[in-house]
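Notes follow once the structure below has been shown.
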Amino acid sequence: MFAYNLELALHGLRRFPRSTLLVVLTVALGLAACMTTLTLLHVLSADPLPGRSQHLYLAWVDTVLAKPKGNGSTDMALDGISYSQGYERIKLADAQALLAAHRAPRQVVVTDMIADIVSEDGKHAQNQQLILATSADFIPMFGVSLRYGRNWTAAEDAAHAPVAVIDTDLARELFGTADAVGRGVRLNHTVFRVVGVIVPYAPQPRFYGLNFGAYSSDGGEGLYLPYTAALDAGLTPPDADACDAAYQDAHHGMSGDPKHCASLNVWVQLDTPHQVTDYRRFLQNYVEQQKALAGFGKPARSTLTDVADWLKRNDAVPDSARLNVWLAASFLLLCMFNVVGLLSARFLRQSVEVGIRRALGAPRRAIFLRHVLEAGLACLVGGVLALPLTLLGLWVLRQQGDEFSGLVRLDPTMFGALFALALAVGVLVGLVPAWRVSRVEPGLQVKSE
Amino acid sequence: MRHIVKPLLRHRMMPLLVVLQVALACAIACNALFLLQQKLVPLLTPDGVGQPQQLVVAWNLAPRGQPWPVSTLRQTAAELRAIPGVTVVSLAGSWPMETMAQMTGTVLADGRDGKADAVIYIGDHLRSTLDLKLVAGRDFSAAEDVVVYKNIGIDDDGPTIITRALANRLFPDGHALGKVIRIGDQADAGRRTVVGVVAHLMRNKFSQDNRDDIDYSMLFPGTPSNWPVPMFGVRVRSAAEVASVLKAVKATVQRELGSNMIQGIDPAYETYGDMRQRMLAQPRAAVWLLSGVSLIVLLVALVGIMGMTSYWVQQRTRQIGIRRALGAKRSDILHHIQWENLMVMSAGILLGMVLAYAVNLWLMRHYELTRLPWQYLPLGAVLMLALGQLAVLSPALRAAKVPPVVATRSV
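Respectively, the protein sequence lines represent chains A and B. Quick note, the first sequence lines up with residues 1 to 449 if you use the working numbering. Quick note, the second sequence lines up with residues 1 to 411 if you use the working numbering.
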């Protein structure tokens, strides 16, 4: 019975080729618009570290020795190199204190730096690279997978040991081989020994280094090193949230010197709600005990922010991406209304035949099924056609020149979603016209003939 | 009228579908066109800068540690001035089309209630380097230009040149010259006396506000000290010399300041025209996208209305034949179908307007958009009505051609 209905549906599609084409085209346009924008949103709002990110928290204490910034109506903003915008960074002494306190299962210092990376023999160099100064827990805590060698240890952190972990891409560029364990890289005159090689690591968005942009099409940092050794080598973060007033008065520039300026992030891993509450209390106690802060007229402030909140607060997903989805979804709705109309007209044009089928004993259910099938088939064909249109749409998006547009690709999940959506649209769109045509009375039609 | 409405009410489905479709298309088109118009504002507004391809800008100069002393920067400016083919050089704190350094804030007309959110550009020889058209008053004097501020200069008193749009906003009576503008509402805020008015000068970050807002700019003479991101504007005498001057500017700035720049922040050297092109690339791309979307929405709506009306007409072939046999003229049938379409469309548009407004309110709450100007609603309505008439034309003409003899046949 189903096969017979399917055959009839196919026959129906072929019978009115112009109207079929119109239905298919309209559905394809609507689906393609929707899928293009959804793919963009899907890429942008993906969990950067599935399974891990819900346990990661950014710890912040306000210990900058300066008066709080007034809400003056005239402000100066330096975008690009974040000057006035806060990334919840803290000073070196506090970062070290939080790490030493060891109140969380894992805790790391994280800051991006920029350096020229030169192989030990001086033959190969990668200039102006983003590198990550961090501490030993980073690799296990952020789910970085080691390919060769080992991670550096907390003891090496403490000893300011000049060691580094690089990714396979950088290893190949500098040494011609992925296994670069034991080689040396020179940063700012200091030679760092490579102890481990990792698989390239670039979560999107790069939530732990938003000051250098949330999305990077060309991957993230290629080199990871202990922050203690990095500071010894004369590398500093290029910017800071704020500096001590005394230091700021003497140095007017944008300095990221973590001794005086808040330029380091501290991320902690907290596995249970209980640990989160405890850590929050610990942070607040910590900042309340800072005697040096007295006299600056600041309330004792500390925050503990999870990854989702952190991304939301920094608007990692641009509004325009969400807006586009709404626009496209309403367009799809318009297309669906359109198709409902086209299909109704077309089904009702066949009422005479339906009347005959009914008179010959076909139940309403069969008529209904046959027409829903026809609608579903038309929309599936539309879904197939939507695929190249979606790819075209994604290409158009990539021409928009946003920082994230290079990342937009159609993955298998979205590919599957496209067909599920096409089928759902087909059935939904077929329901009303099919119900309408299944109401056709047998006798009436035969009589009018 | 009744003979048009009655059949519509009897066979509800087709007209209802058209109404819903029109409403939706109307709501989408209104909001998409509104977004489009906002993206168009920076593209269509004159930025005021003359000869954009003959202005070389050196920016993104970030000093390591302490900012460069004013003497070093002025020395560099003097060297730039000595390059053959250069007419005037400006040492500035911020620049149109350059968003890294922005000085924005609320400025108030002293002693009245004029108030605006404006952008401030501080630097020497700004008016002549940017080649802004002075429409009233004078340029800054040499004495005013040599001032070195103790800090950035926002809190200092002095002269200012403002745009005509800002002058009209702050001093609606049209007499801005000689008036004082306070920079911020604190008691110790800087007080600036208006000495000149220029035709246009665009702000360096365009918000999604109204058309005037984008032209609210002020110029301060002099040089800020302790400013971490200074920049140079270099006006070139003729188009032929731009390439050579660009090269010389790069060499000079690298020689004078290069050793003291932050690693990892590359200085940029380009013409102002190229900067503008780059800054406007995104709105331009968005304009193409949104116009494409609007066009497709209208096209889909057109096809939908056409398809449904033609079925709706075909279904009534016999009734039309009867009316013709009873003496109705072709034009009567044509007008009947057109009137019918007009009424269905009007219902759809009314619904669509409400929907468009609701959508806009919702967007305002969630996405920091501004209110849809009411002018868009009648505009959208006229557009949709025209679209409807276009869609119905061919089915209506076909209906008018139905011969009276059809009435005598059974189908």
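We put the beta carbon where it would ideally sit given N, CA and C, even for glycine. From a predicted model like this one, the values you see are computed outputs, not experimental measurements.
Per-residue contacts from residue i into chain A (C-beta, under 7 Å)
i: I214 (chain B); result: The contacting residues do not exist; I214 (chain B) stays about 17 Å from chain A at best.
i: A25 (chain B); result: L334
i: A32 (chain B); result: L327
i: I337 (chain B); result: Result: empty, since nearest Cβ-Cβ is about 16 Å, beyond 7 Å.
i: I296 (chain B); result: L29
Own chain residues within Cβ distance below 7 Å of residue i, not counting five before or after
i: R284 (chain B); result: L43
i: V325 (chain A); result: T37, L38, L41
i: T63 (chain A); result: I90, K91, D94, V287, Q290, L293
i: R138 (chain B); result: V195, G196
i: G72 (chain A); result: Per-residue confidence for G72 (chain A) stands at a pLDDT of 34, beneath the threshold of 50, marking its modelled position as unreliable; no derived number is given.
i: L431 (chain A); result: V372
i: L407 (chain A); result: V43, Q204, Y215, S217
Exposure of residue i, with buried meaning 16 or more beta-carbon neighbours within 10 Å
i: A391 (chain B); result: buried
i: S331 (chain B); result: exposed
i: E7 (chain A); result: exposed
i: W95 (chain B); result: buried
i: R18 (chain A); result: exposed
i: S141 (chain B); result: exposed
i: D127 (chain A); result: It should be pointed out that residue 127 (chain A) corresponds to Asn in this sequence rather than to Asp. Flag for N127 (chain A) reads exposed.
i: W362 (chain B); result: exposed
i: L372 (chain B); result: buried
i: V415 (chain A); result: Note on identity: in this sequence residue 415 (chain A) is Phe, with Val being the wrong assignment. Classification of F415 (chain A): exposed, given that the 10 Å Cβ count is below 16.
i: W310 (chain A); result: buried
Residue range of the alpha helix (DSSP H) that includes residue i
i: M364 (chain B); result: 330-367
i: T193 (chain B); result: Premise fails: T193 (chain B) lies in the beta strand (DSSP E), 190-198, not in any alpha helix (DSSP H).
i: Q284 (chain A); result: 273-288
i: I305 (chain B); result: 281-315
i: D215 (chain B); result: It is not in any alpha helix (DSSP H) - D215 (chain B) carries neither H nor E in the DSSP assignment.
i: F140 (chain B); result: From DSSP, F140 (chain B) is part of no alpha helix (DSSP H); its letter is neither H nor E.
Interface residues of chain B facing residue i [CB-CB closer than 8 Å]
i: R436 (chain A); result: M13
i: Q399 (chain A); result: A285
Contacts of residue i in chain B (Cβ-Cβ under 7 Å)
i: V340 (chain A); result: L17
i: T505 (chain A); result: Chain A is shown only over 1 to 449; residue 505 (chain A) falls outside these bounds and no answer can be derived.
i: A345 (chain A); result: G307, M308, Y311
i: F368 (chain A); result: Chain B residues near F368 (chain A): none, gap ~16 Å exceeds 7 Å.
i: L373 (chain A); result: By Cβ distance, chain B contributes nothing, its closest Cβ being about 21 Å from L373 (chain A), past 7 Å.
i: L44 (chain A); result: Neighbours of L44 (chain A) on chain B: none; closest Cβ ~15 Å, over 7 Å.
Extent of the continuous beta strand (DSSP E) to which residue i belongs
i: E270 (chain B); result: 268-271
i: N324 (chain A); result: First-last for N324 (chain A): 319-349, but that is the alpha helix (DSSP H), not the beta strand (DSSP E).
i: Y57 (chain A); result: 56-61
i: V195 (chain A); result: 190-198
i: V163 (chain A); result: 163-167
i: Y376 (chain B); result: No beta strand (DSSP E) contains Y376 (chain B), which is instead part of the alpha helix (DSSP H) from 376-400.
i: M261 (chain B); result: Neither: M261 (chain B) is in no beta strand (DSSP E) and is coded neither H nor E.
Same chain, Cβ closer than 8 Å to residue i, five either side skipped, listed in chain order
i: P67 (chain B); result: S225, N226, W227, P228, P230
i: M343 (chain B); result: I4, V5, L8
Neighbourhood of residue i by C-beta, 6 Å cutoff - its chain only, sequence neighbours within 5 removed
i: A399 (chain B); result: V313, I320, I333, I337
i: R182 (chain B); result: L108, D110, A189, R191
i: W339 (chain B); result: I4
i: L49 (chain A); result: G143, P203
i: V520 (chain A); result: Only positions 1 to 449 of chain A appear in the structure, and residue 520 (chain A) is not among them; the question remains open.
Contact set between residue i and chain A, taken where Cβ atoms lie within less than 8 Å
i: Q21 (chain B); result: L334, F337, N338, G341
i: I28 (chain B); result: L327, S330, F331, L334
i: V303 (chain B); result: L22, T26, N338
Proximal chain A residues relative to residue i, where beta-carbon distance stays under 9 Å
i: G258 (chain B); result: Under the 9 Å cutoff, chain A gives no residues; its nearest Cβ is about 14 Å from G258 (chain B).
Within chain B, the residues that residue i reaches when beta carbons sit closer than 9 Å
i: V396 (chain A); result: A285, W288, L289, G292
i: D244 (chain A); result: Correct list: empty, because the minimum Cβ distance to chain B is about 15 Å.
Requested in this report: Report yes or no: do three or more beta-carbon pairs, one from the stretch 325-338 of chain A and one from the stretch 295-307 of chain B, lie closer than 8 Å?
Outcome: Counting Cβ pairs under 8 Å, three or more are found: they touch.
Query - Three or more C-beta pairs below 8 Å linking the stretch 166-173 of chain A and the stretch 192-203 of chain A - result: Touching, yes, given that three or more Cβ pairs across the two stretches are closer than 8 Å.
**Report entry** Segment contact, 8 Å Cβ cut-off, at least three pairs: the stretch 254-266 of chain B with the stretch 84-96 of chain B
**Finding:** Segments in contact, no.
Query raised in the report: If you pair each beta-carbon of the stretch 351-358 of chain A with each one of the stretch 386-396 of chain A, do three or more pairs fall below 8 Å?
Result: No, they do not touch.
Query raised in the report: Per the contact definition of three or more C-beta pairs closer than 8 Å, is the stretch 214-224 of chain B in contact with the stretch 134-147 of chain B?
Result: Touching, yes, given that three or more Cβ pairs across the two stretches are closer than 8 Å.
**Report entry** Three-pair Cβ contact test at 8 Å for the stretch 272-292 of chain A versus the stretch 171-188 of chain A
**Finding:** With a cut-off of 8 Å, the stretch 171-188 of chain A and the stretch 272-292 of chain A do not count as touching, because too few Cβ pairs lie within range.
Report task. Report yes or no: do three or more beta-carbon pairs, one from the stretch 16-32 of chain B and one from the stretch 279-297 of chain B, lie closer than 8 Å? Result -> Segments in contact, yes.
Query raised in the report: Okay, do the stretch 50-57 of chain B and the stretch 112-126 of chain B touch, 3+ Cβ pairs below 8 Å being the bar?
Result: No, the stretch 50-57 of chain B is not in contact with the stretch 112-126 of chain B.
Report task. Report yes or no: do three or more beta-carbon pairs, one from the stretch 268-283 of chain B and one from the stretch 347-367 of chain B, lie closer than 8 Å? Result -> Counting Cβ pairs under 8 Å, fewer than three are found: no touch.
Report task. Determine, using beta-carbon pairs with one atom in the stretch 131-145 of chain A and one in the stretch 101-112 of chain A, whether at least three such pairs fall under 8 Å. Result -> Between the stretch 131-145 of chain A and the stretch 101-112 of chain A, the count of C-beta pairs closer than 8 Å reaches three or more; the two stretches touch.
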